[in-house]
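What follows is a short report on a single structure.
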Amino acid sequence: MAKANRNNVKNIAPSEALSMIRKGALLVDVRENREIDRKAFDVEEFMSVPMSKFQSQLHEIPTGRKVIIACHSGSRSGMASKMLANQGHKKVHNMQSGLIRWEREGLPVKKKPSQSPFAWITKMFRRKS
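So in UniProt numbering the end of the sequence shown lands on 129, straight run, no missing numbers.
The following block contains the structure:
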C-alpha cells in the first residue's frame with residue numbers, strides 16, 4: 001500500500017492568492033531577480049527566493065505561516081512548493097499559472113518602465129507627426 005503523500009501542496013488561482021495575502025499569507029516569488037526587476041507582484045507581503053538559490057535559502061521561509069509560491073508560469077513554483085512541503089512546511093500553496101494568469105486576472109503588478117536604447121529616436125519621430 002502506498003504511503004500517504006507528504007506533499008501537502010494546494011494549487012490556487014491568483015485571485016485566491018491575493019485574498020490570502022491580504023489576510024496575512026506570504027508570497028514567495030521564485031523567479032530570478034532580473035525577472036522581478038522587470039515586472040513584480042504588487043503586494044505587501046512579498047519575499048524573493050530565486051529558484052537558482054531555493055535549495056540553499058528555503059530555511060529562510062517562515063514555517064508557521066501560510067506561504068504562496070509563485071513564478072512566471074507556474075512550473076518553477078510547482079517544483080519549489082513540493083520541495084518546501086517535503087521539508088515540513090504544512091501551509092504551502094502553489095499559484096497556478098503564475099504572473100501570466102495574475103496579470104490576465106487584472107491583479108496589481110509593478111512594472112519597470114521599459115526604455116530601449118532607441119527610445120529617444122521614437123519620441124523624436126512621434127513629435128513631428
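Note that CB positions come from ideal geometry on N, CA and C, so glycine has one too.
Determine contact between the stretch 87 to 99 and the stretch 46 to 55, defined as no fewer than three beta-carbon pairs at a distance below 8 angstroms. no
Which value, in whole angstroms, describes the spacing of the CA atoms of Ile36 and Val30? 9 angstroms
Pick helix, strand or coil for Ala4, following the three-state DSSP scheme. Unreliable placement is indicated for Ala4, whose pLDDT of 31 sits below 50; the coordinate value is still reported in the next sentence. Ala4 falls in the coil class under three-state DSSP.
Between Leu27, Asn94, Phe41 and Gly24, which has its C-alpha nearest Asn8's C-alpha? Asn94
Residue 212 versus Lys112: straight-line alpha-carbon distance, rounded: Missing from the structure shown is residue 212; the chain here goes from 1 to 129 and no further.
Beta-carbon contacts of Glu105 that lie in its chain and below 8 angstroms, excluding the five residues immediately before and after: Ala13, Pro14 and Ser15
Using C-beta distances below 6 angstroms, list every residue in its chain close to Gly74, excluding the 5 sequence neighbours before and after it, in chain order. Gln96, Ser97 and Gly98
CA-to-CA distance, Val67 to Glu45, given in whole angstroms: 10 angstroms
Report the start-end ranges of each beta strand (DSSP E) in the UniProt domain "Rhodanese" (21 to 111) that is 3 residues or longer and not cut off at the edges. 26 to 29, 39 to 41, 46 to 48, 67 to 70, 92 to 95 and 109 to 111
Taking Cβ to Cβ, would you say Leu27 is nearer than 8 angstroms to Val43? yes
What residues in its chain sit with their C-beta under 8 angstroms from that of Ile61, if we drop five residues either side in the sequence? Leu26, Val28, Met47, Val49, Val67, Leu84 and His89
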